[in-house]
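Following: one structure in structure tokens, then a few remarks.
Protein chains: 2
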Amino acid sequence: MISKKMEPLVKNSSVIRAMFEEGTKMKALYGEENVFDFSLGNPNVPAPKEVKDAILDIIETEDPVKVHGYMNNAGFIETRQAIADHLNRLHGTDFDARNLIMTVGAGSALNVTLKTILDPGDEVLTFAPYFVEYGNYVANYDGKLVVVPPNLENFMPDIEKMKEMITPETKVVIINNPHNPTGVVYPEEVIEKLSKALEDKEKELGTVIYLLVDEPYRELVYGGRTVPYVTKYYKNTIVAYSYSKSLSLPGERIGYIVIPDESDESEDFIEAATIANRVSGAVNAPSLIQLVIQRCVDAEADVEFYRQNGEILYNGLTEAGFECLRPEGAFYLWVKSPEPDDKAFVNKGKKYNILMVPGTSFACPGYVRLAYCVSKETCENSIPKFKELAKEYNL
Amino acid sequence: MISKKMEPLVKNSSVIRAMFEEGTKMKALYGEENVFDFSLGNPNVPAPKEVKDAILDIIETEDPVKVHGYMNNAGFIETRQAIADHLNRLHGTDFDARNLIMTVGAGSALNVTLKTILDPGDEVLTFAPYFVEYGNYVANYDGKLVVVPPNLENFMPDIEKMKEMITPETKVVIINNPHNPTGVVYPEEVIEKLSKALEDKEKELGTVIYLLVDEPYRELVYGGRTVPYVTKYYKNTIVAYSYSKSLSLPGERIGYIVIPDESDESEDFIEAATIANRVSGAVNAPSLIQLVIQRCVDAEADVEFYRQNGEILYNGLTEAGFECLRPEGAFYLWVKSPEPDDKAFVNKGKKYNILMVPGTSFACPGYVRLAYCVSKETCENSIPKFKELAKEYNL
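Here the protein sequences line up with chains A and B, keeping their order.
Position one of the first sequence corresponds to residue 1058 (our numbering), numbered consecutively onward.
Position one of the second sequence corresponds to residue 1058 (our numbering), numbered consecutively onward.
Dropping the structure here:
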């Protein structure tokens, strides 16, 4: 009775579940502290104190009918204005509450955006390696995900290849910055080159190509890096944001979409996306947490915690002989598998109680991803294990 | 650039917005207390005290990494178990945590269910008058909504007509009990007759027909009525529930799906629905509010408040000469339009600052809906206005 579209997902999910259950079993067998689980992107840092203070204050002082009630499907206007003001302060943009739609996390922000614009058969381009859910999200609206092969030199988007692969059916290009799973940050010159390429293609084909920027890791950058705010470079940019990582609220499902005034048909887009938010069944982003965000727009993520973890792993693994990308942002270490078969490498890691995700899961075989949103101890204590693992490969 | 599927929704939405803006304008012009706005189903009762206490307790005592973190996409197991136990206590059912999937409200519960089982072209039956979003939800998965005409005698589902309209393509029948927009409650004999008819049809056609029961108003019933728990009558029942009305939490987007063990392919269904919850972009129901629900499963709705409002309006309008259904549940009064054109009647109401929704919006012309989840004063003060309106029709 299961829908034909869901069937392959059910099959694939049993593989993920088996992996997850293996981890649970290992932890039960060896003790949680002796398993080095780098497989999940679930922040291990508590939400900043401002979140707790905001919840208590709202619950004690605000009218519960408002706090827990319906609002405009796009979200509380005060929350959207507070975020717009915050973005304008930081990036010199010129957003207003109307340019923002509050969503049930970035997952919903991406879905609402795709639902708003995709017709069956429309093509959505993204760059390998990429977050595997993009494929499911695009399939939800019968679009076709087209994957630009990975640029193994530096894992920046392969813009020349993208230009070759754009067709009149290309409606959206998705980028993720800072990047999951590689931990790279696309700098200004890459965004400029990408924008120029898309503008040229729009002119050449006479089409509109939206650049959908998925940036849940925006604040998690190291070494004084900044993440370009893409609406300033390319007018048909749509931003999908989430507070899951920056404020450690992944379970709360709170994020937003930015649709700038200068984007093509922005008024219709805003209206349609607000309706898509409603008819998707979400209706609106959770109300109490919207009010929390309004009071916490300037709260800061614990970037230093993640930076330290990244450094511990990068230094330890490099010393052990592994080839890694030095993390620039997000909380992922991207490691070259010492054998071509990344799944075999992941399996060998399990002998040392190390859990990693094969690059194959991100359409980039030959690499593995370590998510270091775990405790510092887990990172530190894993290094001797990685050294043993390295010996198996004579590194 | 807007998706072809979204275009008609955008057009239709401007009509709704115009209506909403007219109400706002009227309130600005005449003062809020002089406008009798019965158009929206947004509860005016604050959440019970247990909700506030639960939030404060969780925030003060629980680990924030858990409170705001990811859990299984189906929801916290403790929350699901607490709800299962609650249902078992009340209804003598035999549910376990595994039978429940926490969702972003009933809107998401209905969408996740339909996404799980609908293939393009599958038929979904429902009974007029019906909640207009059903059509949008079914269209999200390229299903076909088939509407059984209204039973104007007593607004119970027309089961004989349903039997005629079921085809081999019918995968789902949706009912809503207590009922929006009529305020009727389907009693046990109706549920028994409906179940028997569906069983017969399943046998006759050799198909599985899921009965999707949308029951956000379950607790809002008057006069000692009870709402049959449908899984006990028909094995292929799926329940979609929401705390929006019972605990006045509509903005929080919290609800669940029940998939009983005895339903066909229940294991696959549960697995697929959990994945559908994830890939829809919702990922999971909001985490803090899940933990609140766990502590508030026995909290009670303020039924008496709604009952009184319903009685004030029913008595007042009947006295004025209107024909109304006496409310049995939910918070809607269903009134026969004194002229065949219900939209014209709604327009005449506006002259007296009365806002109602035409039955046409529920596929049942000739009637109007009054949502009485408003203040008692609004109900009381509206009666003289309804009497003036009645005079226009010489009632």
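Quick reminder that beta carbons are idealized off the backbone N, C-alpha and C, glycines included.
Being a predicted model, the structure only gives us computed values, none of them experimental.
Query: Meets three-Cβ-pair contact criterion under 8 Å: the stretch 1084-1092 of chain A and the stretch 1293-1303 of chain A; Result: no
Query: Which listed residue (Tyr1286(A), Ile1216(A), Thr1227(A), Leu1262(A)) has its alpha carbon closest to that of Ala1254(A); Result: Ile1216(A)
Query: Buried/exposed call for Leu1086(B), threshold 16 Cβ in 10 Å; Result: exposed
Query: Between the CA atoms of Ser1096(B) and Gly1088(B) - distance to the nearest angstrom; Result: 17 Å
Query: Arg1310(A) at chain B interface by Cβ criterion, 8 Å; Result: yes
Query: 9 Å Cβ cut-off: residues of chain A touching Pro1384(B); Result: None at all; the shortest Cβ gap to chain A is about 22 Å.
Query: Chain A contact for Thr1173(B) (CB, 8 Å cutoff); Result: yes
Query: Strand pairing of Ser1299(B), partner residues [DSSP]; Result: Gly1312(B)
Query: Closer than 8 Å to chain B by CB, Gly1164(A); Result: yes
Query: Selection of the stretch 1110-1139 of chain A by Cβ proximity to chain B, strictly under 7 Å; Result: Ile1112, Leu1113, Ile1116, Pro1121, Val1122, His1125, Gly1126, Tyr1127, Met1128
Query: CA nearest to the CA of Leu1452(A), picked from Gly1378(A), Asn1438(A), Phe1184(A); Result: Gly1378(A)
Query: Among Pro1121(A), Arg1155(A), Asn1069(A), nearest to Ser1301(B) - alpha-carbon criterion; Result: Pro1121(A)
Query: Cα-Cα separation between Glu1449(A) and Pro1238(A), rounded to whole angstroms; Result: 25 Å
Query: Chain B contacts from the stretch 1187-1207 of chain A (Cβ-Cβ distance under 9 Å); Result: Glu1190, Asn1193, Tyr1194, Ala1196, Asn1197, Tyr1198, Asp1199
Query: Own chain partners of Lys1250(A) with C-beta closer than 7 Å, once the 5 adjacent residues on each side are dropped; Result: Ile1216
Query: 8 Å contact criterion, which Tyr1207(B) and Pro1186(B) should meet: CB distance rounded; Result: First, the amino acid is wrong: residue 1207(B) is Pro here, not Tyr. Contact holds; Cβ gap of about 6 Å.
Query: Under the three-state DSSP convention, the category Asp1271(A) falls into; Result: strand
Query: Backbone secondary structure at Gly1373(A) - three-state DSSP; Result: helix
Query: Limits of the unbroken beta strand (DSSP E) element including Arg1426(B); Result: 1424-1428
Query: Spatially closest choice to Ile1400(A) from Cys1436(A), Arg1352(A), Arg1426(A), Met1058(A), by CA coordinates; Result: Inspection of the sequence shows that residue 1400(A) is occupied by Lys rather than by Ile. Comparing Cα-Cα distances from Lys1400(A) to each of Cys1436(A), Arg1352(A), Arg1426(A), Met1058(A), the minimum goes to Arg1426(A).
Query: Option in Asn1211(A), Leu1304(A), Ala1141(A) with minimal Cα separation from Asp1151(A); Result: Ala1141(A)
Query: Contacts of Leu1255(B) in chain A (Cβ-Cβ under 7 Å); Result: Under the 7 Å cutoff, chain A gives no residues; its nearest Cβ is about 15 Å from Leu1255(B).
Query: Burial state of Leu1382(A), where buried means 16 or more other Cβ atoms lie within 10 Å; Result: buried
Query: Check whether Ala1166(B) and Gly1312(B) have beta carbons under 8 Å apart; Result: yes
Query: Below-8 Å beta-carbon distance, Lys1218(B) vs any chain A residue; Result: no
Query: Interface flag, Val1336(B) vs chain A, CB-CB below 8 Å; Result: yes
Query: Test: Lys1453(A) CB closer than 8 Å to a CB of chain B; Result: In this structure chain A extends from 1058 to 1452, so residue 1453(A) is not present and cannot be described.
Query: Short-range partners of chain A found in the stretch 1287-1312 of chain B, where Cβ spacing is below 7 Å; Result: Ser1305, Leu1306, Pro1307, Gly1308, Glu1309, Arg1310
Query: Cutoff 8 Å: Ser1060(B) Cβ touching any chain A Cβ; Result: yes
Query: Beta-bridge pairing of Lys1201(B) - partner residues as DSSP gives them; Result: Glu1180(B)
Query: Members of the stretch 1059-1085 of chain B that neighbour chain A once the beta carbon cut-off is set at 7 Å; Result: Ile1059, Ser1060, Lys1061, Met1063, Leu1066, Val1067, Ser1070
Query: C-beta contact flag for Leu1182(B) and Val1161(B) at 8 Å; Result: no
Query: 6 Å Cβ shell around Leu1005(A) - same chain, five flanking residues per side excluded; Result: Absent from the structure is residue 1005(A), since the part of chain A shown begins at 1058 and ends at 1452.
Query: Contacting residues, own chain, Cβ-Cβ under 6 Å from Phe1454(B) (five flanking each side not counted); Result: The requested residue 1454(B) is not part of the displayed model; chain B covers only 1058 to 1452.
Query: Where the beta strand (DSSP E) through Leu1086(A) begins and ends; Result: Run containing Leu1086(A): none in the beta strand (DSSP E); it sits in the alpha helix (DSSP H), 1064-1087.
Query: For Tyr1389(A), the nearest candidate out of Lys1408(A), Val1403(A), Val1414(A) (CA to CA); Result: Val1414(A)
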